[in-house]
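Asker:
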Amino acid sequence: MSYLPRWIILTLDMLVVSFCALMTFKMLAEMDKNFIHTGLIPFIVGAYLLFNLFFFWLFRTYSGIIRHSSFIDAVKIFIALFLTLLFLVITNYACLLLNGHKLFMNAGLFINFIFSFCGLFLYRIVVKQTFEIYFSGRQSNDLIRALIYGSDANAISVANALKSEKPLRFRIVGFVDKQNQNSSKRILNLPILNLSKRIPVIMRSIEAEALIIADKSLTKDEKLTLVDECLEYNYKVYTVPLISDWEDRKEISQKVKNFQIQDLLERKPIVLDNKSISSQIHNKTVLITGAAGSIGSEITRQVINFNPKRVIMLDQAETPLHHLTLEISKLFPQAKTTSIIGDIRNRPSMERVFSKYRPDVVYHAAAYKHVPLMEENPAQAIFVNVMGTKNITDLSCEYNVESFVMVSTDKAVNPSNVMGASKRIAEKYVQSLHCRLLNNTTDCRTKFITTRFGNVLGSNGSVVPLFTEQIAKGGPVTITHPEIIRYFMTIPEACQLVLEAGAMGRGGEIYIFDMGKPVKIIDLANKMIRLAGFTPDKEIKIEIVGLRPGEKLYEELLNDSAKTLPTHHEKIMIAQEVYDDSEVASEQIGELIAIAHEHCDNDRIVTKMKVIVPEFKSMNSDFASLDKVVGPN
């Protein structure tokens, strides 16, 4: 049901105060008292209406939705009417001093103030109650019976809003509060229950189907406990933002949303060394390759916050880059950005970019990342992940880029697939340039830094959006193995650490990130199904489809022989890995690129990759037979 336009509400308010003034006039007339100076009625009526109209406009008493009226609306009306009273009294005494007579009877003004306040507020209450009575009698069997966790002002406001929203989505059956010790208390004629028992027991006792968490004082662990308990018994769980953060009151129930898996895996906020990052980025030209991807686009957003001179957004994907360009222009209208459709495999094209814009900092996020596809197309993995990286690093040297930061992956560690091995080879090439710098065999002064982390939540093609899509279609949810585990972090968190590592790096480091606790993928699938309101293996099936070519049961962040050194940031460590001979590594990588160009023989390409990366052992892949050809390390 739509809401009345504001001008109609303002008109109704003006009619109410006019009627109240008339009532005051009649009442005082019967007492042989004159409310107003009868000789100046047009002027007096005009002043009275003008003052009311001005203060109604000033305090926007008409902007609220009548059926959702609250104490805040009463306060606005009171202040507007009180100031009207005050200005009319001041006008009254001014006329007395200037003309020797008053316009109004002061007692009459006070009586009119009381009448007007009662009239304006009471008609709002009548409308509100009428709506509640009207809709409460309608069919409510389809409504979700919800218990609200919390009983503070925010929880009460949420309950009020949900009870008033039309059409209804929830039927609020009560509140539960960890602070409440007296279960006889009530709010909005609803019981406040205490936590003497587990949440599922309380919900069963009042036949609740869902829990809406509106208590913002809960710690993360308390929230996770509540969610786990509810999901265990197939109760729905919702979260709602602070009501003060709501932009408007339209579609109120839509602000009550299902918990997302990101909410359950979120970790402590990262504390960044903003001063150090700013010194690297502020007033600098920054080039971001793969800018339209999940990681590249978030790096772009975060870099712009540090006021660079210009951000060059480079990607070969036209549509995603167009969307990013529109988003950045809307979110950061003052930022100077340039969007370039380009392919990092095309060195002449990339050289034109470096020559024209002379970047100071490069974040290299462009890469092919899908394991099964790269198993089928190893040459393309070499062209993009190895040759593309080589092009960007070489040009960074030639054009005196201050800092080059490469985004790598945990799949580069003891790789079991072509994609991971190609990223490890790219790491080796970046390290070889740093070794040349140390050995004074090059004029390059660029700091080369590598960052390595695991899966990010919500990235394009990753497991979380895949599961979300499968659940939305009714299943089945497919996982490759019941024992497979992965590390996860959010995209913003990963990109924050990339910026931090880039700022702290002196060159040559491989930074690895604290990925938290590993997550069993089958547990992730079960939890996502329950969060969506379904029962695993009943309403949504889970299918085991077998490991994909090149897929591991678990990922690592370090080689078997590597160790870590701490940094000043608790979530960032330095991997101590043995450097290859820079000349040999560079020569072998050149040979690999030549083989990929000259031959369509995948076995020959992968064999050369295994020579360069001896720890590369193919799993669940046709290339596993090549491990015997290459031989032990």
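If you count the sequence shown from 1, position 150 lands on 150 in UniProt numbering, and the numbers rise without skipping. Positions of the beta carbon are idealized from the N, C-alpha and C atoms, including for glycine.
1) Under 8 angstroms by Cβ, that's how I've got residue 422 and residue 374 pegged, so tell me the actual separation to the nearest angstrom.
2) Residue 608: buried (16+ other C-beta within 10 angstroms of its C-beta) or exposed?
3) Would you call the segment 487-499 and the segment 507-521 in contact, with 3 or more CB pairs under 8 angstroms?
4) With burial defined as no fewer than 16 other Cβ atoms inside 10 Å of the residue's Cβ, what is the status of residue 118: buried or exposed?
5) How far does the alpha helix (DSSP H) with residue 71 in it reach, from first residue to last?
6) In whole angstroms, what is the alpha-carbon distance linking residue 479 and residue 187?
7) With a threshold of 16 other CB atoms inside 10 Å of the CB of residue 692, please say whether the residue is buried or exposed.
8) Which value, in whole angstroms, describes the spacing of the CA atoms of residue 304 and residue 311?
9) Quick check on the DSSP output: what are the complete beta strand (DSSP E) runs of length 3 or more inside the segment 459-547, in order along the chain?
10) Does the beta-carbon of residue 433 have 16 or more other beta-carbons within 10 angstroms, so that it is buried, or is it exposed?
11) Hey, residue 619 and residue 567 are a contact pair by Cβ (cut 8 angstroms); roughly how many whole angstroms apart?
12) Could you check if residue 363 is buried or exposed, using at least 16 other CB atoms within 10 Å of its CB as the buried criterion?
13) If you drop the 5 nearest sequence neighbours on each side, which residues of the same chain put their C-beta closer than 8 angstroms to that of residue 78?
14) From residue 635 to residue 481, what does the alpha carbon distance come to, in whole angstroms?
15) Cutting at 6 angstroms between CB atoms, please list the residues of its own chain near residue 444, excluding the five before and the five after it.
16) In chain order, what residues of the same chain have a beta carbon less than 8 angstroms from the beta carbon of residue 633, not counting five sequence neighbours either side?
17) Go through the segment 279-350 residue by residue and report every complete run of the alpha helix (DSSP H) that reaches 4 residues or more, in order.
18) Compute the Euclidean distance between the alpha carbons of residue 495 and residue 431, then round it to the nearest angstrom.
19) Span of the alpha helix (DSSP H) holding residue 406?
20) Classify residue 580 as helix, strand or coil using the three-state DSSP reduction.
21) Given residue 387, which residues of its chain have a CB within under 7 angstroms of its CB, disregarding the five upstream and five downstream residues?
22) Specify the secondary structure class of residue 567 as computed by DSSP and reduced to three states.
23) State the Cα-Cα distance for the pair residue 551 and residue 366, rounded to the nearest angstrom.
24) For residue 470, does the count of other Cβ atoms within 10 angstroms reach 16, so buried, or fall short, so exposed?
25) Applying the criterion that 16 or more other CB atoms from any shown protein chain within 10 Å of the CB defines a buried residue, is residue 600 buried or exposed?
26) Just mark residue 628 as buried or exposed, buried being the case when its beta carbon has 16 or more other beta carbons within 10 Å.
27) Sort out for me which residues DSSP pairs residue 357 with in a bridge.
28) Are residue 145 and residue 173 close, meaning C-beta to C-beta below 7 angstroms?
29) Where do the N-terminal and C-terminal ends of the alpha helix (DSSP H) with residue 446 fall, by residue?
30) Helix, strand or coil for residue 390 per DSSP?
31) Do residue 10 and residue 62 have their C-beta atoms closer together than 7 angstroms?
32) Hey, out of 238, 274, 534 and 532, whose CA is closest to residue 257's CA?
33) Expressed to the nearest angstrom, what Euclidean distance is found between the alpha-carbon atoms of residue 14 and residue 25?
34) Going by the DSSP bridge assignment, what does residue 452 pair with across the sheet?
35) Comparing alpha-carbon positions, which option in 452, 216, 159 and 521 lies nearest residue 554?
36) Use the C-beta contact count for residue 170: other C-beta atoms within 10 angstroms, 16 or more gives buried, fewer gives exposed.
Answerer: In short, the structure shows the following:
1) Here residue 422 refers to the residue found at position 422 when the sequence shown is read from its first residue. Here residue 374 refers to the residue found at position 374 when the sequence shown is read from its first residue. The C-beta distance from residue 422 to residue 374 rounds to 7 angstroms, short enough to fall under 8 angstroms.
2) Here the question's residue 608 lines up with position 608 in the sequence shown. Under this definition residue 608 is a buried residue.
3) Verdict: yes, contact present.
4) Along the sequence shown, read from residue 1 onward, the residue named residue 118 stands at position 118. Exposed, by the Cβ-count rule.
5) The sequence position of residue 71 within the sequence shown is 71, counting from 1. First-last of the alpha helix (DSSP H) with residue 71: 71-99.
6) Position 479 of the sequence shown, counted from the start, is the residue given in the question as residue 479. Position 187 of the sequence shown, counted from the start, is the residue given in the question as residue 187. Rounded to whole angstroms, residue 479 to residue 187 spans 46 angstroms at the Cα level.
7) A query on residue 692 cannot be resolved here, the shown segment of the chain reaching from 1 to 633 and no further.
8) The count along the sequence shown starts at 1 and reaches residue 304 at position 304. The count along the sequence shown starts at 1 and reaches residue 311 at position 311. The alpha-carbon of residue 304 is positioned some 7 angstroms away from that of residue 311.
9) Fully enclosed beta strand (DSSP E) runs of 3 or longer: 477-479, 488-490, 510-513 and 542-544.
10) Taking the sequence shown and counting its residues from 1, the one referred to as residue 433 is at position 433. Residue environment analysis places residue 433 among the buried positions, since at least 16 neighbouring C-beta atoms fall within 10 angstroms of its C-beta.
11) Sequence index remark: in the sequence shown, residue 619 carries index 619 (1-based). Sequence index remark: in the sequence shown, residue 567 carries index 567 (1-based). Contact flag wrong, Cβ pair sits at about 32 angstroms.
12) If you number the sequence shown from 1, residue 363 lands on position 363. Around the beta-carbon of residue 363, 16 or more other beta-carbon atoms lie within 10 Å, marking it buried.
13) In the sequence shown, counting from the first residue as 1, residue 78 sits at position 78. Only 117 meet the Cβ criterion.
14) Outside the displayed range of the chain (1 to 633) lies residue 635, so it cannot be described from this structure.
15) Position 444 of the sequence shown holds residue 444. Within the same chain, 397 and 437 come within 6 angstroms of residue 444 by CB-CB distance, once the 5 residues on both sides are set aside.
16) As a position in the sequence shown, residue 633 is number 633, starting the count at 1. Confidence at residue 633 is low in this model, with a pLDDT of 46, below 50, so its placement is unreliable and the value that follows should be read with caution. These residues qualify, in order along the chain: 614 and 615.
17) Note on the segment 279-350: whole alpha helix (DSSP H) runs with a minimum of 4 residues are 294-304 and 318-331, in chain order.
18) Here the question's residue 495 lines up with position 495 in the sequence shown. Here the question's residue 431 lines up with position 431 in the sequence shown. Between residue 495 and residue 431, the alpha-carbon positions lie close to 21 angstroms from each other.
19) Taking the sequence shown and counting its residues from 1, the one referred to as residue 406 is at position 406. No alpha helix (DSSP H) holds residue 406; the beta strand (DSSP E) holding it covers 403-409.
20) Taking the sequence shown and counting its residues from 1, the one referred to as residue 580 is at position 580. It is coil, neither helix nor strand.
21) What you label residue 387 is simply residue 387 of the sequence shown in a count that begins at 1. Within the same chain, residue 387 has close Cβ partners 345 and 593.
22) In the sequence shown, the residue the question calls residue 567 occupies position 567. The three-state secondary structure of residue 567, taken from DSSP, is coil.
23) Within the sequence shown, numbered from 1, the residue matching residue 551 stands at position 551. Within the sequence shown, numbered from 1, the residue matching residue 366 stands at position 366. In a straight line, the C-alpha of residue 551 is about 22 angstroms away from that of residue 366.
24) Residue mapping note: residue 470 aligns to position 470 of the sequence shown, counting from 1. Its Cβ being crowded by 16 or more others within 10 Å, residue 470 is buried.
25) Taking the first residue of the sequence shown as position 1, residue 600 is located at position 600. Exposed is the label assigned to residue 600, since fewer than 16 other Cβ atoms lie within 10 Å of its Cβ.
26) As a position in the sequence shown, residue 628 is number 628, starting the count at 1. By the 10 Å Cβ count, residue 628 comes out exposed.
27) For the purposes of this step, residue 357 is identified with residue 357 of the sequence shown, where counting begins at 1. In the DSSP output, where bridge partners are listed per residue, residue 357 has none listed.
28) The residue you call residue 145 lines up with position 145 of the sequence shown. The residue you call residue 173 lines up with position 173 of the sequence shown. In contact: residue 145 and residue 173 (Cβ atoms closer than 7 angstroms).
29) Here the question's residue 446 lines up with position 446 in the sequence shown. Careful: residue 446 lies outside any alpha helix (DSSP H) and carries neither H nor E.
30) Your numbering for residue 390 matches position 390 in the sequence shown. DSSP places residue 390 in helix when its eight states are reduced to three.
31) Taking the sequence shown and counting its residues from 1, the one referred to as residue 10 is at position 10. Taking the sequence shown and counting its residues from 1, the one referred to as residue 62 is at position 62. Yes.
32) Along the sequence shown, read from residue 1 onward, the residue named residue 257 stands at position 257. Checked all of 238, 274, 534 and 532; the closest Cα to residue 257 is 238.
33) The count along the sequence shown starts at 1 and reaches residue 14 at position 14. The count along the sequence shown starts at 1 and reaches residue 25 at position 25. Near 17 angstroms, if we compare the C-alpha coordinates of residue 25 and residue 14.
34) For the purposes of this step, residue 452 is taken as the residue at position 452 of the sequence shown. Note: residue 452 sits in a beta bridge opposite 408 and 512.
35) For the purposes of this step, residue 554 is taken as residue 554 along the sequence shown, with counting starting at 1. With respect to the C-alpha of residue 554, the residue from 452, 216, 159 and 521 having the closest C-alpha is 521.
36) Counting from one through the sequence shown, the residue named residue 170 turns up at place 170. Result: buried.
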